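Only one structure is covered here, and it is reproduced in the block below.
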Amino acid sequence: DAGVTQSPTHLIKTRGQQVTLRCSPKSGHDTVSWYQQALGQGPQFIFQYYEEEERQRGNFPDRFSGHQFPNYSSELNVNALLLGDSALYLCASSLKGGNTIYFGEGSWLTVV
Amino acid sequence: QKEVEQNSGPLSVPEGAIASLNCTYSDRGSQSFFWYRQYSGKSPELIMFIYSNGDKEDGRFTAQLNKASQYVSLLIRDSQPSDSATYLCAVNSISGTYKYIFGTGTRLKVLA
Chain A
-8 DAGVTQSPTH LIKTRGQQVT LRCSPKSGHD TVSWYQQALG QGPQFIFQYY EEEERQRGNF
52 PDRFSGHQFP NYSSELNVNA LLLGDSALYL CASSLKGGNT IYFGEGSWLT VV
Chain B
8 QKEVEQNSGP LSVPEGAIAS LNCTYSDRGS QSFFWYRQYS GKSPELIMFI YSNGDKEDGR
68 FTAQLNKASQ YVSLLIRDSQ PSDSATYLCA VNSISGTYKY IFGTGTRLKV LA
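Same order as they appear, the protein sequences are chains A and B.
Quick note on numbering: the numbering used here labels position 9 of the first sequence as 0, and the sequence is numbered without any gaps.
If you count the second sequence from 1, you need to add 7 to reach the numbering used here.
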C-alpha cells in the first residue's frame, strides 16, 4: 500500500526565487492538505484541496498557491521566496469526510 | 492564548516507566484529537486518535480525553529508548473545517 510520497526531499533556493513541491496521496485518498513546519514548531496548515479546488486556506499569504490534479496528486508553489520560508513542507492525505490525515516524508526547503 | 498548548520538555523518563504527555486546547468546539510522533528529521507519524471523553487504549499507548477540562493526554507504558521523539498533539476544530491545529510538541527522552 503506497503511502504519501513527496518530492523533492531536500532543496535549496535563493531569496526571491520560486519553488514547486509535489505530492502523491496515499492510495485511495482523494484529499490533500499542505502544512509548513518551521524548526521547533508544530505544523501550520497552509491549505487543503479536494476535487481540484482549494477547500480551505490557513493564514498564509498569496505567495503560497496550490493545485490538485485529476489523479488527486497536488503541487504547492511558493513565489518570491523569503528566508522565513525555510521549513519542512508536509503533504498530508485523507479521504473526503475522513477525519484522519497521514503525512508524507516532507520536503525540506532552505532559502538562502 | 495558544490554541493548542503543550509543554516543550524535554520530559525524561527511565526505561520501563510510564511517560505522561499532556495537551490543552482553547476551542470548546473541538471534536477530534490526535497524537503524532515525530523523530528528529522525520515527518509526523500518527499514533492514535480519540473523539469521545474517556480513555482509548492501543497497545502500550493510552489516550485520555476530558472535554470539560479541554485536556487530552497520552500515556506510554513500558517506555523504551525507541520512544524518544517529539510528540505532537493535534486538534480538529469545529465541524466543517478541515485543518488540524498542532501544538509545538513535547520532546520525550527515555533513558536506558
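We put the beta carbon where it would ideally sit given N, CA and C, even for glycine.
Given the structure is predicted, the values throughout are model-derived calculations rather than measurements.
### Query
How far does the beta strand (DSSP E) with Gly61(B) in it reach, from first residue to last?
For the purposes of this step, residue 61(B) is identified with residue 54 of the second sequence, where counting begins at 1. Gly61(B): member of the beta strand (DSSP E) spanning Gly61 to Asp65, first to last residue.
### Query
Is it true that the CB of Val117(B) sits closer than 9 Å to the CB of Gln87(B)?
Position 80 of the second sequence holds residue 87(B). Position 110 of the second sequence holds residue 117(B). Result yes, Cβ atoms of Gln87(B) and Val117(B) sit closer than 9 Å.
### Message
Judging by CA-CA distance, which residue of Thr113(B), Ser50(B), Arg84(B) and Tyr105(B) is the nearest neighbour of Leu21(B)?
### Response
Counting from one through the second sequence, the residue named residue 21(B) turns up at place 14. Reading the sequence as shown, one finds Pro at residue 21(B) and not Leu. If we check each option's Cα against that of Pro21(B), Arg84(B) comes out closest.
### For Tyr78(B), the residue or residues it bridges with in DSSP
Translated into the one-based positions of the second sequence, residue 78(B) becomes position 71. Looking at the DSSP assignment, Tyr78(B) forms a beta bridge with Thr31(B) and Asn73(B).
### Task
Decide if the stretch 94 to 102 of chain A is in contact with the stretch 70 to 84 of chain A; the criterion is three or more beta carbon pairs, one per stretch, under 8 Å apart.
yes
### Message
For a cutoff of 9 Å on Cβ pairs, would you count Ser59(B) as touching chain A?
### Response
Numbered from its first residue, the second sequence carries residue 59(B) at position 52. It does not: the Cβ of Ser59(B) has no partner Cβ on chain A nearer than 9 Å.
### Task
Give the range of the beta strand (DSSP E) segment to which Glu52(B) is assigned.
The residue you call residue 52(B) lines up with position 45 of the second sequence. From DSSP, the beta strand (DSSP E) with Glu52(B) extends over Glu52 to Ile57.
### Task
Taking only the alpha-carbon atoms, compute the straight-line gap between Ser24(A) and Leu28(B) and give it to the nearest angstrom.
For this step, residue 24(A) is matched to residue 33 along the first sequence. For this step, residue 28(B) is matched to residue 21 along the second sequence. Their backbone Cα atoms lie some 26 Å apart in a straight line.
### Task
Would you mind working out which of Tyr63(A), Pro34(A), Phe60(A) and Glu44(A) sits nearest Ala97(B), comparing C-alpha positions?
By one-based count along the second sequence, residue 97(B) stands at place 90. Checked all of Tyr63(A), Pro34(A), Phe60(A) and Glu44(A); the closest Cα to Ala97(B) is Pro34(A).
### Query
How about Arg33(B) and Glu64(B): are their beta carbons less than 9 Å apart?
Within the second sequence, numbered from 1, the residue matching residue 33(B) stands at position 26. Within the second sequence, numbered from 1, the residue matching residue 64(B) stands at position 57. Sequence check: residue 33(B) is Ser here, not Arg. Contact flag unset, no.
### Query
Quick one: what's Leu12(A) bridged to in DSSP?
Reading the first sequence from its first residue, position 21 is the one you call residue 12(A). BP columns for Leu12(A) point to Leu67(A).
### Task
Output yes or no for whether 9 Å exceeds the beta carbon distance between Lys106(B) and Phe36(A).
Here residue 106(B) refers to the residue found at position 99 when the second sequence is read from its first residue. Here residue 36(A) refers to the residue found at position 45 when the first sequence is read from its first residue. In this structure, Lys106(B) places its C-beta atom within 9 Å of the C-beta atom of Phe36(A).
### Message
Contact defined as beta carbons within less than 8 Å: I believe Pro61(A) pairs with Glu43(A). What is the distance between those atoms, to the nearest angstrom?
### Response
Taking the first sequence and counting its residues from 1, the one referred to as residue 61(A) is at position 70. Taking the first sequence and counting its residues from 1, the one referred to as residue 43(A) is at position 52. At roughly 7 Å, the Cβ-Cβ gap stays under 8 Å, so Pro61(A) and Glu43(A) are in contact.
### Message
Does Val(-5)(A) pass the burial test, meaning 16 or more other C-beta atoms within 10 Å, or should it be called exposed?
### Response
On the first sequence, residue -5(A) is found 4 positions in, with the first residue counted as 1. Buried: at least 16 other Cβ atoms inside 10 Å.
#### Entry: Cβ of Ile3(A) within 9 Å of any chain B Cβ
Your numbering for residue 3(A) matches position 12 in the first sequence. Not an interface residue.
### Query
From which residue to which residue does the beta strand (DSSP E) around Gln(-3)(A) run?
Here residue -3(A) refers to the residue found at position 6 of the first sequence. Thr(-4) to Ser(-2) is the span of the beta strand (DSSP E), which, as asked, contains Gln(-3)(A).
### Message
One question on the structure: do Asn90(A) and Phe109(B) come within less than 9 Å of each other, judged by their Cβ atoms?
### Response
On the first sequence, residue 90(A) is found 99 positions in, with the first residue counted as 1. On the second sequence, residue 109(B) is found 102 positions in, with the first residue counted as 1. At least 9 Å separates the beta-carbon of Asn90(A) from that of Phe109(B).
### Query
What are the boundary residues of the beta strand (DSSP E) that Thr113(A) is part of?
Only positions -8 to 103 of chain A appear in the structure, and residue 113(A) is not among them; the question remains open.
### Query
Nearest chain A C-beta to Thr31(B) closer than 9 Å, yes or no?
Counted from its first residue, the second sequence places residue 31(B) at position 24. No, Thr31(B) lies away from the interface with chain A (no Cβ there is under 9 Å from its Cβ).
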